[in-house]
Ligand SMILES: [Zn+2]
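Numbering (the UniProt record's numbering), first residue to last: 1 to 130.
Next comes the structure, spelled out in structure tokens:
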């Protein structure tokens, strides 16, 4: 059986943990998300590590939930970006993926109505200030 290389870095064998978290491309995205959230999320190698960290992070349940939403949004956007790469040969720069995460998670939180008075200006600066 033929093994596939990661479509983003073309170096490592493609597996979900690599593509979404451990790939240098995913790491770049997490770097941007870390500085946006002011929470260090750069040291992970596996999806379950990211989810575990986010669900246990912080002392306030509400903020931890926001970080969890941001984490889902980040993984989802990296996945979408990989599909862009594979099916449309379009390579989105990691900072563009970060921008997508910011607007996507803003819409998720806003539409679910769990956070009062959520404003884009504040959200785009730091999503954990709520
Ligand atoms: Zn890779």
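Where is the CB? At the ideal position from N, CA and C, for every residue including glycine.
Helix, strand or coil: how does DSSP classify residue i here?
i: residue 5; result: strand
i: residue 84; result: helix
i: residue 31; result: helix
i: residue 49; result: helix
Are the beta-carbon atoms of residue i and residue j separated by less than 8 Å?
i: residue 101; j: residue 73; result: yes
i: residue 37; j: residue 127; result: yes
i: residue 21; j: residue 39; result: no
i: residue 69; j: residue 109; result: yes
i: residue 31; j: residue 42; result: yes
i: residue 25; j: residue 15; result: no
i: residue 84; j: residue 92; result: yes
Count the other CB atoms, across all protein chains shown, that sit within 10 Å of the CB of residue i; report buried if there are 16 or more and exposed otherwise.
i: residue 86; result: exposed
i: residue 7; result: buried
i: residue 105; result: buried
i: residue 18; result: buried
i: residue 54; result: buried
i: residue 153; result: The requested residue 153 is not part of the displayed model; the chain covers only 1 to 130.
i: residue 107; result: exposed
i: residue 52; result: exposed
i: residue 81; result: buried
i: residue 124; result: exposed
How is the alpha helix (DSSP H) around residue i delimited, first residue to last?
i: residue 41; result: Looking at the DSSP string, residue 41 is not in any alpha helix (DSSP H), and its letter there is neither H nor E.
i: residue 99; result: 94-112
i: residue 57; result: Unbroken run through residue 57: none, as it is neither H nor E.
i: residue 124; result: 120-125
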